[in-house]
Amino acid sequence: MTSKERLMAAFHRKKADHVPVCPDISVMVPAKLTGRPFYELFLDGREHNGWTSATYSETYVEAVKHFGMDGWYIYGGLKEIRPPGAPEFVDTIVDNSEGKLVKRICTTPLGELTEDEMYFADEPPWREGKPIKNLKEDFARFQLWMGKGGWKWEKEFKDRSRIGDHGVYVAMIPVFQDWWFHYRHGGFERCFMDFHEEKEFMDGVHEFWMEWALEYVRALVEAKPDELMLGGSSASLSISSPAVFRKYELPFIQKAAKICKKGGVIPHLHICGRSWELVQIVASETEVEVMEPMEEPPGGNVDIAEAKRRVGDKLCIKGNINTFDFMMNATPQQVEEKCKRLIDDAAADGGFVLSTGDQCGRDTPHANLFKMVEVAKTYGKY
Amino acid sequence: MDLIQEIAANVQEGYPERVKKGVEKALAGGLLPHDILQKGLIAGMNVVAEKFKSGQMFLPEVLNVAGAMKAGMAIVKPLLTKESIKSRGKVIIGTVRGDMHDIGKNLVAIMLEAAGFEVVDLGTDVRTDKFMEAVERENPQIVALSALLTTTMIHMGGVIEALEKKQMRDKIKVIVGGAPISQNYANQIKADGYARDASMAVDLVRRLLNHTAGTA
Numbered sequence: 011m012t013s014k015e016r017l018m019a020a021f022h023r024k025k026a027d028h029v030p031v032c033p034d035i036s037v038m039v040p041a042k043l044t045g046r047p048f049y050e051l052f053l054d055g056r057e058h059n060g061w062t063s064a065t066y067s068e069t070y071v072e073a074v075k076h077f078g079m080d081g082w083y084i085y086g087g088l089k090e091i092r093p094p095g096a097p098e099f100v101d102t103i104v105d106n107s108e109g110k111l112v113k114r115i116c117t118t119p120l121g122e123l124t125e126d127e128m129y130f131a132d133e134p135p136w137r138e139g140k141p142i143k144n145l146k147e148d149f150a151r152f153q154l155w156m157g158k159g160g161w162k163w164e165k166e167f168k169d170r171s172r173i174g175d176h177g178v179y180v181a182m183i184p185v186f187q188d189w190w191f192h193y194r195h196g197g198f199e200r201c202f203m204d205f206h207e208e209k210e211f212m213d214g215v216h217e218f219w220m221e222w223a224l225e226y227v228r229a230l231v232e233a234k235p236d237e238l239m240l241g242g243s244s245a246s247l248s249i250s251s252p253a254v255f256r257k258y259e260l261p262f263i264q265k266a267a268k269i270c271k272k273g274g275v276i277p278h279l280h281i282c283g284r285s286w287e288l289v290q291i292v293a294s295e296t297e298v299e300v301m302e303p304m305e306e307p308p309g310g311n312v313d314i315a316e317a318k319r320r321v322g323d324k325l326c327i328k329g330n331i332n333t334f335d336f337m338m339n340a341t342p343q344q345v346e347e348k349c350k351r352l353i354d355d356a357a358a359d360g361g362f363v364l365s366t367g368d369q370c371g372r373d374t375p376h377a378n379l380f381k382m383v384e385v386a387k388t389y390g391k392y
Numbered sequence: 006m007d008l009i010q011e012i013a014a015n016v017q018e019g020y021p022e023r024v025k026k027g028v029e030k031a032l033a034g035g036l037l038p039h040d041i042l043q044k045g046l047i048a049g050m051n052v053v054a055e056k057f058k059s060g061q062m063f064l065p066e067v068l069n070v071a072g073a074m075k076a077g078m079a080i081v082k083p084l085l086t087k088e089s090i091k092s093r094g095k096v097i098i099g100t101v102r103g104d105m106h107d108i109g110k111n112l113v114a115i116m117l118e119a120a121g122f123e124v125v126d127l128g129t130d131v132r133t134d135k136f137m138e139a140v141e142r143e144n145p146q147i148v149a150l151s152a153l154l155t156t157t158m159i160h161m162g163g164v165i166e167a168l169e170k171k172q173m174r175d176k177i178k179v180i181v182g183g184a185p186i187s188q189n190y191a192n193q194i195k196a197d198g199y200a201r202d203a204s205m206a207v208d209l210v211r212r213l214l215n216h217t218a219g220t221a
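Quick note, the sequences are listed as chains A and B, same order. Using this note's numbering, the first residue of the first sequence is number 11, and each one after it goes up by one. Using this note's numbering, the first residue of the second sequence is number 6, and each one after it goes up by one.
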């Protein structure tokens with residue numbers, strides 16, 4: 011079986027030749043593997059339609075080959091066909107002692123939107139300034155940049171061949187809280203204060219976002235990725251709450267999953283950190299078919315054996331080894347023991363992808379990643 | 006339900022306007038500011054802290070509660086005598102370099118304040134040298150470091166090393182927290198303590214300061 015076939019079998023809750031193995035190495039492990047300053051990878055100036063760069067996406071595929079793992083390519087997307095004369099962000103790159111600061115300005119008829127993103131040599135980029143600073147004024151400008159409807163995208167994923175049979179090609183769209191956190195200046199507290207203090211206004215923002223997001227889901231599904239991932243890091247119960255999830259995320263997840271199923275694309279939901287309460291809601295109230303990373307303690311609260319028992323007939327489980335405490339510090343022997351236990355607990359009859367509980371840290375020992383792959387290929391044989 | 010209990014209940018429900026009105030009414034009725042603070046505002050927050058600790062409440066709801074408590078504190082605090090607001094200790098808190106996450110850190114700051122500690126919040130993306138400047142300026146008993154990213158948590162160790170270099174480590178306790186942090190990691194970087202959540206951070210600070218002469 012190819013890596014792509016192996017993962018697709020698991021996503022359909024069937025047995026592959028062996029348990030697929032796909033630690034989440036994005037984005038630091040592949041970047042470090044190149045030995046190059048990270049900003050060179052991200053600021054390559056090449057055309058690319060995903061959330062990261064063409065060079066980074068190639069770097070990921072090289073890392074997949076290096077570790078011999080099954081690839082989970084989440085770096086692509088569809089190019090938006092912008093209306094003529096629509097306001098655009100213009101970038102200026104400023105060198106500083108830590109790396110490169112990208113300053114972006116978008117001039118709209120209602121005024122400017124600005125954002126600053128810092129690119130480091132040895133850390134992933136970080137957005138220091140986001141466009142929506144003054145909630146109501148900036149959101150009006152933001153809508154002029156985003157457009158208020160009639161969105162169009164190209165019909166095909168131009169980077170699809172990059173991963174080929176080394177893994178699955180995953181289209182991605184953020185859930186509402188991730189989207190809002192991405193554009194709203196300030197931290198999570200600011201976002202929650204918006205939800206609490208500006209309920210009516212935020213209901214309007216959510217309605218606008220839903221319209222855009224469902225249009226984009228339809229476009230992505232028509233382009234036939236292997237999976238459509240709904241990115242929900244900010245919906246994690248380590249940060250948010252079941253009540254916020256039910257209000258802002260569940261209606262979208264239900265609709266998006268339905269569109270995916272109708273279009274023959276696998277709906278996949280990512281919620282890291284504490285997620286067990288949400289896993290159960292998703293399994294019983296949506297048509298989502300794959301969920302990850304079902305993080306174990308101390309970062310999350312999912313017991314994989316219980317997850318298999320309770321939701322294994324509904325969801326393919328991808329997960330769930332802790333990254334910051336375990337993968338960074340464990341010996342390969344300890345990794346082997348844990349992987350064998352996870353396979354025993356969750357791999358029977360298929361529907362399990364051996365993976366980590368979220369992104370692996372930059373300095374994760376390579377021996378631990380190689381060990382995961384080795385155990386899946388040997389002990390995980392069906 | 007008496008007025009103080011009503012204030013505590015409105016704190017728990019996260020209603021800032023009701024808390025504000027309740028506090029004003031209580032003061033007009035001759036109740037002591039100290040009693041309103043302790044038996045109304047802080048008592049309400051303590052119930053919420055326990056619910057949060059046991060997983061019955063989540064961060065967004067706790068933030069609403071904190072907002073309600075702060076609305077009441079803003080009225081009561083200026084009326085307290087110097088004696089009744091004597092600090093139980095000073096804590097410098099911040100999210101480390103490269104990390105803009107604030108929610109957990111803010112909640113720890115609010116809960117520490119509610120528990121009677123003086124808190125100097127340095128904000129997010131705080132460089133090691135900024136922590137050191139604040140330590141020299143503020144003379145705290147505790148430095149509390151927060152991080153939400155595996156890439157930024159490494160800077161926690163840098164703050165501890167800087168305190169060691171300045172030979173201040175024996176006078177200042179360092180506590181750490183944030184999603185990717187664990188007791189193992191705290192041990193690795195030689196922090197004095199780790200707290201899984203804001204409520205536990207308050208317990209930790211209380212515990213550490215009880216062992217620090219002259220501050221409890």
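Using N, Cα and C, we set each Cβ at its ideal position, and we do this for glycine too.
Does DSSP put residue i in a helix, a strand or coil?
i        : result
B:Lys110 : helix
A:Glu125 : strand
A:Ala131 : coil
B:Thr220 : At B:Thr220 the pLDDT is 37, less than 50, meaning the model places this residue with poor confidence and gives no usable figure here.
A:Ile142 : strand
A:Val185 : coil
B:Asn192 : helix
A:Thr12  : coil
A:Ser67  : helix
A:Thr333 : helix
Quick one: Cα of residue i to Cα of residue j, how far?
i        : j        : result
B:Ile97  : B:Ile165 : 13 Å
A:Glu15  : A:Lys391 : 15 Å
A:Glu286 : A:His76  : Checking the displayed sequence, the identity of residue 286 of chain A turns out to be Trp instead of Glu. Whole-angstrom Cα-Cα distance: 33 Å.
B:Leu209 : B:Ile108 : 19 Å
B:Gly182 : B:Asp7   : 38 Å
A:Leu364 : A:Ala377 : 16 Å
A:Ile269 : A:Phe218 : 19 Å
B:Thr156 : A:Glu57  : 27 Å
B:Leu37  : B:Phe57  : 29 Å
B:Glu66  : A:Gly197 : 16 Å
A:Gly310 : A:Gln290 : 14 Å
B:Lys82  : B:Leu150 : 27 Å
A:Lys25  : B:Ala200 : 42 Å
A:Lys234 : A:Met11  : 21 Å
A:Tyr389 : A:Ala357 : 11 Å
B:Ala218 : B:Gly198 : For B:Ala218, the predicted model reports a pLDDT of 36, less than 50, meaning its position is unreliable and no value from the coordinates is stated.
A:Met382 : A:Tyr49  : 29 Å
A:Leu288 : A:Phe262 : 14 Å
A:Arg170 : B:Ala167 : 48 Å
B:Lys1   : B:Glu123 : This structure leaves residue 1 of chain B out entirely; chain B is present only between 6 and 221.
B:Ala114 : B:Met50  : 13 Å
Of the choices the options, whose alpha-carbon is the least far from that of residue i?
i        : options                               : result
A:Ala150 : A:Pro134, A:Leu120, A:Gly159          : A:Leu120
A:Arg137 : B:Ala139, B:Gly103, B:Thr155          : B:Gly103
A:Asn144 : A:Leu123, A:Leu17, A:Lys234, A:Gly157 : A:Leu123
A:Ser63  : A:Glu98, A:Tyr129, A:Val104, A:Arg23  : A:Tyr129
A:Cys370 : A:Lys350, A:Pro342, A:Phe336          : A:Phe336
A:Met203 : B:Glu169, B:Ala71, B:Met105, B:Val179 : B:Ala71
B:Ala203 : B:Glu118, B:Ile12, B:Gly94            : B:Glu118
A:Cys5   : A:Glu306, A:Gly361, A:Gly160          : Given that chain A is displayed from residue 11 to residue 392, the structure contains no residue 5 of chain A and the question cannot be resolved.
B:Ile147 : B:Gly60, B:Met173, B:Met158, B:Arg23  : B:Met173
A:Val178 : A:Asn330, A:Met79, A:Ala253           : A:Met79
A:Tyr258 : A:His280, A:His216, A:His278          : A:His216
A:Val39  : A:Asp368, A:Val385, A:Glu384          : A:Asp368
### Query
Which residues, in order along the stretch 218–230 of chain A, keep a beta-carbon less than 9 Å from a beta-carbon of chain B?
Correct list: empty, as no residue qualifies.
### Task
Taking only runs that begin and end inside the stretch 125–177 of chain B, name each unbroken alpha helix (DSSP H) of 4 or more residues, in chain order.
Given a length threshold of 4 residues, each whole run of the alpha helix (DSSP H) inside the stretch 125–177 of chain B is given here in chain order: 133–143, 159–170.
### Query
In chain order, what residues of the stretch 233–258 of chain A put their CB closer than 8 Å to some CB of chain B?
Leu247, Ser248, Ile249, Ser250, Ser251, Pro252, Ala253, Val254
### Task
For the stretch 165–189 of chain B, enumerate the residues whose C-beta is nearer than 7 Å to any C-beta of chain A, in chain order.
Ala184, Pro185, Ser187, Asn189
### Message
What are the residues in the stretch 80–114 of chain B lying within 7 Å of chain A by C-beta distance?
### Response
Listed in sequence order: Gly103, Met105, His106, Asp107, Ile108, Asn111.
### Secondary structure, alpha helix (DSSP H): runs of 4+ residues fully inside the stretch 267–329 of chain A
286–295, 314–321
#### Entry: alpha helix (DSSP H) runs contained entirely in the stretch 36–110 of chain B, provided each spans 4 or more residues
48–58, 64–81
### Task
Check distances from the C-beta atoms of the stretch 59–76 of chain B to those of chain A and list, in chain order, the residues that come in under 7 Å.
Phe63, Leu64, Pro65, Glu66, Leu68, Asn69
### Query
For the stretch 129–159 of chain A, which residues have a CB atom closer than 8 Å to at least one CB atom of chain B, in sequence order?
Phe130, Glu133, Pro134, Trp136, Arg137, Glu138
### Message
What are the residues in the stretch 119–136 of chain B lying within 7 Å of chain A by C-beta distance?
### Response
Thr129
#### Entry: chain B contacts made by the stretch 264–284 of chain A, where a contact means CB separation under 7 Å
Gly283
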